[in-house]
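This note's numbering numbers the first residue of the sequence shown as 1 and each following residue consecutively. Below: the structure, in structure tokens.
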Amino acid sequence: MNALRIDVGVHTILHVNLTDVDFTDIKEIVFTIKNPSPKNSKPIIEKTFTESGFYEVIITPSESLKLVEGAEYDFNQVLKDETRYKISDTGRIILRKSVGDFYG
């Protein structure tokens with residue numbers, strides 16, 4: 001899976017394309033970003049999608065400041081019977097710092 005770049009301290013927009021997903025038996029698809037910490041820790045960022053479409057996920061400056069090197073993301077599918085499946089490999093996050101600094 002490709003790495004995602006997130007700019008630290010500013011807004012970052014990530015594009016999620018779910019236009020080809022059939023949501024007939026799917027309750028939701030959950031996109032999460034977690035820091036590399038103990039298992040079952042809460043995600044820093046979690047976005048839920050309930051229908052097919054093309055989405056822009058906005059990462060806020062405060063969310064980006066909570067991320068550390070080695071953060072990872074993945075997608076999970078939750079069926080209508082609440083069964084949860086991981087539907088992607090775990091991808092890594094690349095934090096881009098010093099974005100927007102003024103050099104005068």
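We put the CB at the ideal spot given by N, CA and C, even for glycine.
Tell me the DSSP secondary structure of residue i in three-state form.
i    : result
K66  : helix
G104 : The predicted position of G104 is uncertain, since its pLDDT is 40 and thus under 50; a value taken from the coordinates is nonetheless stated next. Correct three-state label for G104: coil.
Within 10 angstroms of its Cβ, does residue i collect 16 or more other Cβ (buried), or is it exposed?
i   : result
F54 : exposed
I44 : buried
I93 : buried
A71 : buried
Measuring CA to CA, which of the options is closest to residue i?
i    : options            : result
V10  : E82, D74, S62, V78 : S62
S135 : E46, N40, L79      : Lying before the first or after the last residue shown, residue 135 is absent from the chain, which here runs from 1 to 104.
I29  : I87, N2, D7, N35   : I87
K105 : R84, D81, Q77, L67 : As shown, the chain starts at 1 and ends at 104. That puts residue 105 outside it, with no answer to give.
Cutting at 6 angstroms between CB atoms, please list the residues of its own chain near residue i, excluding the five before and the five after it.
i    : result
Y103 : Per-residue confidence for Y103 stands at a pLDDT of 42, beneath the threshold of 50, marking its modelled position as unreliable; no derived number is given.
Within a Cβ cutoff of 8 angstroms, which residues of the same chain sit near residue i, ignoring the five residues on either side of it in sequence?
i   : result
I13 : E56, V57, I58, I59
Name the one or two DSSP bridge partners that residue i has.
i   : result
F54 : N17
E72 : K34, R92
E28 : V78
D7  : R96
For residue i, I'd like the list of residues in its chain whose CB is within less than 7 angstroms of its CB, leaving aside the five on either flank, ordered along the chain.
i   : result
Y85 : N76, Q77
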